[in-house]
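Residue numbers (the UniProt record's numbering), protein chains in the order written: chain A, 1 to 105; chain B, 1 to 105.
Here's the structure, in structure tokens; my notes come after.
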DNA sequence: TTTTTAGCTTACATTTCGTAACTTAGTTTA
DNA sequence: TAAACTAAGTTACGAAATGTAAGCTAAAAA
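Here is the structure:
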């Protein structure tokens, strides 16, 4: 009785977006192209996982890695068109959180 | 140089939504109140993790657990108002996936 | 009376994650 | 010119999260 009736595209989208850090990374990159160390400091992720996730997002065509041949070389990460197309998702989460999420310990 | 300038509400929202299975569970519950075993079969999650996540979503006030005192008792899970308010997020992901996600192995 | 179902819980192995130290190459400081 | 520093990672390893499978309790159906 294995009912897999959820759309496979949607499931794949969730698989990418639910993978820890990915949504936060995309959110951060919505601010524009950024370097590895900038992203690392802003989102507070470890380098091991950051490298892993950026590679994943590159493979999924959500992020593009560019080597700028200055001296020394600068490496920039930025959203692709597919990545930018996620802005409405992030906006929706932002709106929901401002409406419904409260933080008191 | 620890820059935590992202909104805490938003970060908490991501923490909940990015926790594996949660978004898929909410998506499934958008179809209406459902029993434990139904959810389990539909989304293909293990009982161990399903129990854990439903508890988490209950604590976050996204899901409500109801014991219906029939014989035998039936236990139903359904979205709260806060949970239903996530529909636009799911719709946005659906739209993005239909536009940008392709599945070919 | 044995078997089945619902709604979990427990034990255990595998996978993923975070922490911290290391690397390579170029750069500024002393 | 040597020592220290920065960027962009990589590696090793322990801790935490996850999946698999089996067990449990109470009631119901065969």
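Ideal placement from N, C-alpha and C gives every residue a C-beta, glycine not left out.
Please read all numbers here as calculations on a predicted model, not as lab measurements.
Report task. Starting from residue 75/A, trace the alpha helix (DSSP H) both ways and give me its first and last residue. Result -> The sequence position of residue 75/A within the first chain is 75, counting from 1. Looking at the DSSP string, residue 75/A is not in any alpha helix (DSSP H); the run it does join, the beta strand (DSSP E), is 74-79.
**Report entry** Cα-Cα separation, residue 26/B to residue 70/A
**Finding:** Here residue 26/B corresponds to residue number 26 of the second chain, with the count starting at 1. Here residue 70/A corresponds to residue number 70 of the first chain, with the count starting at 1. Going by the C-alpha atoms only, they are around 47 angstroms apart.
Query raised in the report: Which partner residues does residue 64/B have in the DSSP bridge list?
Result: Here residue 64/B refers to the residue found at position 64 of the second chain. Partner(s): 78/B.
Query raised in the report: Do you know offhand how far residue 83/B's Cα is from residue 55/B's?
Result: The sequence position of residue 83/B within the second chain is 83, counting from 1. The sequence position of residue 55/B within the second chain is 55, counting from 1. Answer to the nearest angstrom: the Cα atoms are 14 angstroms apart.
Query - Near-chain B residues of the segment 5-21 of chain A - C-beta to any C-beta below 7 angstroms - result: 8, 9, 10, 12, 13, 14, 17, 18, 20
Query raised in the report: With DSSP run on the structure shown, which of helix, strand or coil describes residue 3/A?
Result: For the purposes of this step, residue 3/A is taken as the residue at position 3 of the first chain. Bear in mind that a pLDDT of 49 at residue 3/A, under 50, signals an unreliable position, so the model cannot answer this.
**Report entry** For residue 85/A, the first and last residue of its enclosing alpha helix (DSSP H)
**Finding:** The residue you call residue 85/A lines up with position 85 of the first chain. If you look at residue 85/A, you'll find it isn't in any alpha helix (DSSP H); DSSP assigns it neither H nor E.
Query raised in the report: Would residue 75/A pass as a contact of residue 35/A if the rule is Cβ separation under 8 angstroms?
Result: Numbered from 1 along the first chain, position 75 holds the residue referred to as residue 75/A. Numbered from 1 along the first chain, position 35 holds the residue referred to as residue 35/A. Result yes, Cβ atoms of residue 75/A and residue 35/A sit closer than 8 angstroms.
Query raised in the report: Whose C-alpha, out of 6/B, 85/B, 59/B, is nearest the C-alpha of residue 31/A?
Result: In the first chain, the residue the question calls residue 31/A occupies position 31. With distances taken between Cα atoms, residue 31/A lies closest to 6/B.
**Report entry** 6 angstroms CB neighbourhood of residue 23/B in its chain, flanking five on each side removed
**Finding:** Residue 23/B sits at position 23 when you count from the first residue of the second chain. Around residue 23/B: 17.
Query raised in the report: How would you label residue 48/A, buried or exposed, when you count the other beta carbons within 10 angstroms and need 16 or more for buried?
Result: Sequence index remark: in the first chain, residue 48/A carries index 48 (1-based). Within a 10 Å sphere around the beta-carbon of residue 48/A sit fewer than 16 other beta-carbons, which makes this residue exposed.
Query raised in the report: Would a C-beta distance cut-off of 8 angstroms place residue 13/A and residue 99/B closer than the cut-off?
Result: Mapped onto the first chain, residue 13/A falls at position 13. Mapped onto the second chain, residue 99/B falls at position 99. Against a cut-off of 8 angstroms, the Cβ pair of residue 99/B and residue 13/A comes out as no contact.
Query raised in the report: Is it the case that the Cβ atoms of residue 9/A and residue 97/B are separated by a distance below 8 angstroms?
Result: By 1-based counting over the first chain, the position of residue 9/A is 9. By 1-based counting over the second chain, the position of residue 97/B is 97. For residue 9/A and residue 97/B, yes; Cβs fall inside 8 angstroms.
Query raised in the report: Closer than 7 angstroms, Cβ to any Cβ of chain A: which residues of the segment 73-94 of chain B, in chain order?
Result: 82, 85, 86, 88, 89, 92, 93, 94
Query raised in the report: What does residue 101/A touch in chain B if you count any residue whose Cβ is under 7 angstroms from its own?
Result: Residue mapping note: residue 101/A aligns to position 101 of the first chain, counting from 1. Per Cβ cutoff of 7 angstroms: 9, 12, 13.
Query raised in the report: Considering residue 30/A, what are the terminal residues of the alpha helix (DSSP H) in which it resides?
Result: Within the first chain, residue 30/A is the residue found at index 30, counting from 1. Unbroken run through residue 30/A: none, as it is neither H nor E.
Query raised in the report: Which two residues bound the contiguous alpha helix (DSSP H) that contains residue 51/B?
Result: Translated into the one-based positions of the second chain, residue 51/B becomes position 51. Start and end: 47-59.
**Report entry** Whole-Å CB distance - residue 50/B paired with residue 42/B, under 8 angstroms assumed
**Finding:** Residue 50/B sits at position 50 when you count from the first residue of the second chain. Residue 42/B sits at position 42 when you count from the first residue of the second chain. Residue 50/B to residue 42/B, Cβ: 11 angstroms. No contact.
Report task. Output the distance between the C-alpha atoms of residue 11/A and residue 61/B, rounded to the nearest integer angstrom. Result -> As a first step, residue 11/A must be located in the first chain, where it is residue number 11. As a first step, residue 61/B must be located in the second chain, where it is residue number 61. Separation of residue 11/A and residue 61/B (C-alpha to C-alpha, rounded to the nearest whole angstrom) is 24 angstroms.
Report task. In the DSSP assignment, find the alpha helix (DSSP H) that holds residue 38/B and state where it starts and stops. Result -> As a working note, residue 38/B is residue 38 in the second chain. First-last of the alpha helix (DSSP H) with residue 38/B: 36-43.
Requested in this report: Pick helix, strand or coil for residue 71/A, following the three-state DSSP scheme.
Outcome: Your numbering for residue 71/A matches position 71 in the first chain. Of the three classes helix, strand and coil, the one that applies to residue 71/A here is coil, per DSSP.
Query - Under 7 angstroms from the C-beta of residue 46/A: neighbouring residues of chain B - result: The residue labelled residue 46/A in the question sits at position 46 within the first chain. Per Cβ cutoff of 7 angstroms: no residues; residue 46/A is ~13 angstroms from chain B at best.
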